[in-house]
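With positions in the sequence shown counted from 1, the corresponding number in our numbering is that position plus 14.
Even for Gly, the Cβ is constructed at its ideal location relative to N, Cα and C.
Nothing here was measured: the structure is a model prediction, and the numbers come from that model.
Notes follow once the structure below has been shown.
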Amino acid sequence: MHPVTRAIRTQVDRTNEMEHAQPMFLTSSFCFDNAEDMRAAFADETDDNIYSRFSNPNVQEFTDRMCALEGTESGFATASGMSAIFASFMAFLKQDDHLLSCRSIFGSTHTVVTKYLPKYGISHTYVDAAADIDAWQAAIRPETKMIYLETPTNPALEIIDITALSALAKKHGILLNVDNCFATPIGQRPAAFGADLVVHSATKWLDGQGRVLGGIVLGRKELIKEIYLFCRSTGPSLSPFNAWILSRSLETLEVRMEKHAASALAIAQALKDHPALKWVKYPFLPSHPQYAIAKKQMTSGGGIVCFELKGGLAAGQQFLDALQLLSLTANLGDTRSIASHPASTTHAKLSEAEREAVGISSGLIRLSVGLEHPDDILADIRQALDQLPA
């Protein structure tokens, strides 16, 4: 069956009530018929549920559906995207290890890499997302244990060749860890191009309606077991209720992402020559610097468009204040279109030099294109741009 069909048809076993929609298992713990069954569960001799910090039917259903969509053997769901990213680091990195990462990453991920990993004796090196494979090769050290990528990156929409980095990682015995949040498994499947680990903030497109937090790490069974053991002890588990919501959302992920991507492409094409903009960037615009890579490894360009206003910071603030339809919020991947100013929000903790190094100018605007009619989204953007000084 097609991965989407398998995901939709993957369900928790029906109870005696014979429900069609899956029930919620809102419980902290699970019971056993006898002492021997309980002993065997705690000894990991069975897969019986013990405690919802370890496992839960709703969480497992969401995980199994994501495995079907991403084409991976196993996965572990977490309370948020950042807890998934942190777990993917800490389950495999130790003191004196080295992390190699693309420079353009989410602001909170940058904070983890630069502020918290060093406290555990873990060093890092950043490589420009647009760098060639020789630059990545040159940055590898004997102690390098992981390469971490966002592709497309947040918010600059840079595209990195997963196949090329996978070959390099395998050559050196290094894990390749790919954040697939922006593309989703509908637009890109990193494991098919050689990624060892795939991480998501399920809060974004996977939920799709701005309701709940969640995250997940996916990959081979032996790798996910290490994630599970780390999270079982440290506790960043996904709640059963959030898992139930996210599992329902996956049933409409393909149709939603097709609409998001179609509207995003149409809006990018309509804005690319606007006189108030220095440039417009979208993975499936031929003008994108890594357009060829995007077309090779992505089946759609996703729902994010970014552009730079000619007027810089002042123009960015004026543009956001002039919007009437689009929401101003830090989230993305919602049914409702969202505009944000990364330099003053998600990436504000980076220095100006650090922001410039990853393509985040003071006039950069990130659009998360929703499910409204694209003509209405575009009309709101245009009327806001028309209010900017010539």
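The segment 286-293 touching the segment 255-264, judged by at least three CB pairs closer than 8 Å | no
Please check the pair Ser102 and Val213, which I expect to be a contact at CB under 8 Å, by giving their CB distance rounded to whole angstroms.
-> 5 Å
Proximity of Ala98 and Val231 at Cβ, strictly below 8 Å | yes
What three-state label does DSSP hand Glu87 in the structure shown?
-> coil
Any idea what DSSP makes of Trp293, helix, strand or coil?
-> strand
Could you tell me how far apart the beta carbons of Pro166 and Gly316 are, in whole angstroms, since I believe they sit closer than 8 Å?
-> 6 Å
When you compare each of Lys159, Lys133, Pro156, Ile119 to Tyr140 by their alpha carbons, which one comes out closest?
-> Taking only the C-alpha atoms, the option nearest Tyr140 is Ile119.
What residue does the beta strand (DSSP E) around Ser382 start on, and which one ends it?
-> 378-382
Any idea which residues DSSP pairs Tyr140 with across the strands?
-> Ser115
Cutoff 7 Å; reference Leu237; Cβ partners in own chain excluding five residues on either side | Asp210, Leu211
Could you tell me the distance, in whole angstroms, from the CA atom of Cys195 to the CA atom of Lys235?
-> 21 Å
In terms of residues, what are the limits of the beta strand (DSSP E) holding Ile374?
-> No beta strand (DSSP E) contains Ile374, which DSSP labels as neither H nor E.
Who does Met160 pair with in a DSSP beta bridge?
-> The partner list for Met160 (beta bridge, DSSP) reads Leu113, Leu189.
Pull up the distance between the alpha-carbon of Ala398 and that of Thr24, whole angstroms please.
-> A straight line joining the alpha-carbon of Ala398 with that of Thr24 spans about 44 Å.
State yes or no: is the C-beta of Leu402 within less than 8 Å of the C-beta of Phe321?
-> no
N- and C-terminal bounds of the alpha helix (DSSP H) containing His214 = From DSSP, His214 is part of no alpha helix (DSSP H) but of the beta strand (DSSP E) over 211-215.
Buried or exposed: Pro300, going by 16 or more other Cβ atoms within 10 Å of its Cβ?
-> exposed
Anticipated Cβ contact below 8 Å, His105 with Phe244, distance rounded = Per the sequence presented here, residue 105 reads as Ala, with His not at that position. About 4 Å; that satisfies the 8 Å criterion.
Could you check where the beta strand (DSSP E) with Ile230 kicks off and where it finishes?
-> Per DSSP, Ile230 belongs to the beta strand (DSSP E) from 229-233.
Pick helix, strand or coil for Cys81, following the three-state DSSP scheme.
-> helix
Length of the line joining the Cα atoms of Ser122 and Thr60 = 37 Å
Which word fits Asp111, buried or exposed, when buried means at least 16 other C-beta atoms lie within 10 angstroms of its C-beta?
-> buried
How long is the line joining the alpha carbons of Leu227 and Leu327, rounded to whole angstroms?
-> 30 Å
Alpha helix (DSSP H) containing Phe46: first to last residue?
-> Segment: none, Phe46 is in no alpha helix (DSSP H) and carries neither H nor E.
Among Phe39, Asp51, Ile379, nearest to Arg28 - alpha-carbon criterion = If we check each option's Cα against that of Arg28, Phe39 comes out closest.
Just reading off the alpha helix (DSSP H) that Val127 is part of, what are its end residues?
-> Neither: Val127 is in no alpha helix (DSSP H) and is coded neither H nor E.
Check the DSSP bridge columns for Ala353 and list the partner residues they point to.
-> Leu342, Leu381
Would you call Arg225 buried or exposed, if buried means 16 or more other Cβ atoms sit within 10 Å of its Cβ?
-> Its Cβ having fewer than 16 others within 10 Å, Arg225 is exposed.
Look up Tyr65 in the DSSP assignment and give the residues it is bridged to.
-> Ser43
Looking only at DSSP bridge pairs, what is Glu322 linked to?
-> Beta-bridge pairing links Glu322 to Trp293, Leu378.
So, helix, strand or coil for Ser253, using DSSP?
-> coil
What residues in its chain sit with their C-beta under 8 Å from that of Gly222, if we drop five residues either side in the sequence?
-> Ser263, Thr266, Leu267, Arg270, Gly347, Asp348, Thr349
Are the C-beta of Ile136 and some C-beta of chain B separated by less than 8 Å?
-> Of the protein chains in the structure, only one exists, and it is not chain B.
Would you mind reading off the limits of the alpha helix (DSSP H) that contains Met312?
-> Met312 -> no alpha helix (DSSP H), and no H or E assigned at all.
DSSP three-state assignment for Thr92, whether helix, strand or coil = strand
Between the segment 337-347 and the segment 374-394, are three or more C-beta pairs nearer than 8 Å?
-> yes
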